[in-house]
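J.:
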Amino acid sequence: MQKLLFSLSIITMGLLIGYLLQRLVLSGKIKAEASLAKQRKIIQMVVLLCLNPIATIGAIWILSFENGRIALMPAIGILAMITGAFAAFLIGKLIKLKPSQQGAFISCGAMSNVGSIGALVVFVFLGEAAFALVAMYKLFEQVMSYTIWFPVAKSFSPYLQQEATKHKVRKILTDPFVLVTVLSILIGFALNTLGVSRPAFYSNLNAVIIPLSSLLLLISIGMAMKFSKIQAYLKPALLASVIKYLLVPVVVTGTAFFLGFSKVDNSLPLKVILILSSMPVGFTALVPPSIYDLDVDLANAGWMVSTALLALVIPLQMLIIRYI
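Going by my numbering, the sequence shown opens with residue 61, and the numbers climb by one from there.
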């Protein structure tokens, strides 16, 4: 119960602090030298380029790679995104969404909040070794988002502006967030393989860095929250939650089980996969609708509703992993 309350309090506190900061700045009660968007970007850069790499290196440093199934974690993460996107496409057709709504709905289905909320829940309930698997699971998350889901969303835009493939590839290969993530995994793996002893303080360091990183990312997300028009999009928002919390975890966790992940390290990878495959709509899902003139309000509603449902989903996750 203590772990559950801690996770929910971090999530609630982060979003609430961010939203309050947004309202105070917009009302003029707090004077900010930089725009909210710029402040959000600074917070995200500190976390993704500084704090997260430290935590990732330390966690992978002590991870056991004796079982080769661990190498399949990135493929499982890709499967989760494909499953969510495909389900969103089919459901969008069934409920007859307009093209601009369909593009936004597919973004909601494909992209999940693995980095801040998923990583936090995994660390709090399963520990540091499990946190190392998060980096493996989401290894190709950004690459998939930029090369596949953004173009897919763009295909539903009323204003198609095709960008040369070579330019897209160059952007991905030079993206600092992608480069730092891959580099931190490689450094952790190298230290692990070489048998270098990890300093004793690292465990306590990660115990602070991981929750702090999640809190800061959630604050940055809260700084952009909008509650308008949620009621008008309640049906697709709830359907997006069904995709995130039922269809994707059933397909992905079921696949992982048949691949033998339950036989590895007392089912630890399978537990991680269950948690990460049942995460809410990621904030990244709001980006394609914003830049490609899709239905931003639908994407925002899907994100808000699925995030709010975490209060019910996380206790259910904890109940299920006890029996895995």
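Every residue gets a Cβ at the ideal spot worked out from N, C-alpha and C, and that includes glycine.
Can we say the region 246–256 touches the region 121–141, given the rule of at least three CB pairs closer than 8 Å?
T.: The region 246–256 vs the region 121–141: in contact.
J.: Which two residues bound the contiguous alpha helix (DSSP H) that contains Glu201?
T.: Glu201 -> alpha helix (DSSP H) spans 201–204.
J.: Assign Gly394 to buried or exposed, taking buried as 16 or more other Cβ atoms, counted over all protein chains shown, within 10 Å of its Cβ.
T.: It is not possible to answer for residue 394, since the shown part of the chain is limited to 61 through 384.
J.: Kindly indicate the opening and closing residues of the alpha helix (DSSP H) around Gln99.
T.: Segment 96–106, the alpha helix (DSSP H) holding Gln99.
J.: Going by CA-CA distance only, name the one from Cys110, Tyr197, Leu65 that's closest to Val174.
T.: It is Tyr197.
J.: Exposed or buried, Ile117, counting other C-beta atoms within 10 Å across all chains shown (16 or more means buried)?
T.: Looking at its Cβ environment, which holds 16 or more other Cβ atoms inside 10 Å, Ile117 is buried.
J.: Starting from Pro349, trace the alpha helix (DSSP H) in both directions and tell me its first and last residue.
T.: That run of the alpha helix (DSSP H) goes 347–351.
J.: Could you check how far apart the C-beta atoms of Leu369 and Tyr305 are, in whole angstroms? I think they sit under 8 Å.
T.: The pair is a contact, with the Cβ atoms about 7 Å apart (cut-off 8 Å).
J.: For Ile138, which residues of its own chain have a beta-carbon under 8 Å away from its beta-carbon, when the five flanking residues on both sides are left out?
T.: Answer for Ile138: Phe200, Met204, listed in chain order.
J.: Does the beta-carbon distance from Ser273 to Ala115 come in below 9 Å?
T.: A contact, by the Cβ cut-off of 9 Å.
J.: Considering only their Cβ atoms, is the gap separating Ile136 from Ser338 smaller than 9 Å?
T.: No, the Cβ-Cβ distance between Ser338 and Ile136 is not below 9 Å.
J.: Where does Asn264 land, buried or exposed, given buried means 16+ other C-beta within 10 angstroms?
T.: Exposed, by the Cβ-count rule.
J.: Look at the Cβ atom of Gly362, then the Cβ atom of Pro296, and state whether they are nearer than 9 Å.
T.: Taking 9 Å as the Cβ cut-off, Gly362 and Pro296 qualify as a contacting pair.
J.: Between the C-alpha atoms of Ile71 and Leu278, what's the straight-line distance to the nearest angstrom?
T.: If you take the alpha carbons of Ile71 and Leu278, they lie about 7 Å apart.
J.: Would you mind sorting Tyr383 into buried or exposed? The rule is 16 or more other CB atoms within 10 Å of its CB.
T.: So Tyr383 ends up on the exposed side.
J.: I need the boundaries of the alpha helix (DSSP H) containing Lys214, first residue and last residue.
T.: Run containing Lys214: 210–214, per the alpha helix (DSSP H) assignment.
J.: Should Ser95 be labelled buried (16 or more other beta-carbon atoms within 10 Å of its own) or exposed?
T.: Answer is exposed; the Cβ neighbour count stays below 16.
J.: Under DSSP, the alpha helix (DSSP H) around Glu188 begins and ends at which residues?
T.: 188–197 is the extent of the alpha helix (DSSP H) around Glu188.
J.: Taking 7 Å as the limit between beta carbons, can you name the residues of its chain near Thr344, skipping five residues before and five after?
T.: Only Met171, Ser205 meet the Cβ criterion.
J.: Helix or strand or just coil, what does DSSP make of Val256?
T.: Looking at Val256 - three-state DSSP - the assignment turns out to be coil, as it is neither helix nor strand.
J.: Quick one: which unbroken alpha helix (DSSP H) runs of 4-plus residues sit fully inside the region 260–340? Chain order, please.
T.: List check, alpha helix (DSSP H) in window: 262–282, 294–302, 308–318, 328–337.
J.: Go ahead and pull the three-state DSSP assignment for Ser124.
T.: Ser124: coil per DSSP, three-state reduction.
J.: With C-beta atoms as the reference, is Pro348 less than 9 Å away from Phe210?
T.: Contact flag set, yes.
J.: In this structure, how does DSSP classify Ser87 when only helix, strand and coil are distinguished?
T.: Coil.
J.: Beta-carbon within less than 7 Å of Leu68's beta-carbon, same chain only, minus the 5 sequence neighbours each way: which residues are those?
T.: For Leu68, where only same-chain residues beyond five positions count, the Cβ hits under 7 Å are Ala371, Ile374.
J.: Going by C-alpha distance, which of Ala300, Gln104, Ser350, Thr313 is nearest Met133?
T.: Closest by alpha carbon: Thr313.
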